[in-house]
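The sequence shown begins at 23 in the numbering used here and counts up one residue at a time.
What follows is a short report on a single structure.
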Amino acid sequence: MSQPLQDDEMNKDELIALLEMTLERENELLRTYVIASERIHNNAALKLRLINFAEGNAKRTKQLIDEISILKS
23 MSQPLQDDEM NKDELIALLE MTLERENELL RTYVIASERI HNNAALKLRL INFAEGNAKR
83 TKQLIDEISI LKS
């Protein structure tokens, strides 16, 4: 049985919508970092940092997908 929401608490649908919006942003950042890293040829350190940023976004994307799936089930 669910408990009543506090005044400042999100309901399940609001939380899912927020996480889905965040997922879209993370995916866009992931694409941006990958594209940028592929276009850098004269700065190996920057290229590596961008790849690391993309990998971080990929991990957060997976976590968001998992959380959304749990909330929807």
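Every residue, glycine too, gets a C-beta built ideally from N, C-alpha and C.
message = Tell me the rounded alpha-carbon separation between M43 and R82.
response = Distance between the alpha carbons of M43 and R82: 13 angstroms.
key: Exposure label - N79; buried when at least 16 CB within 10 Å   = Counting Cβ neighbours within 10 Å, N79 comes out buried, since at least 16 surround it.
request  = Please confirm if the stretch 31-41 is in contact with the stretch 59-70, defined as three or more CB-CB distances below 8 angstroms between the two stretches.
outcome  = Judged by Cβ distances under 8 angstroms, the stretch 31-41 makes no contact with the stretch 59-70, as fewer than three pairs qualify.
ask   = Terminal residues of the continuous alpha helix (DSSP H) containing N49?
value = Where N49 is concerned, the enclosing alpha helix (DSSP H) stretches over 34-61.
message = Whole angstroms are fine: how far does the CA of L45 sit from the CA of I57?
response = For I57 and L45, the gap between their C-alpha atoms comes out near 18 angstroms.
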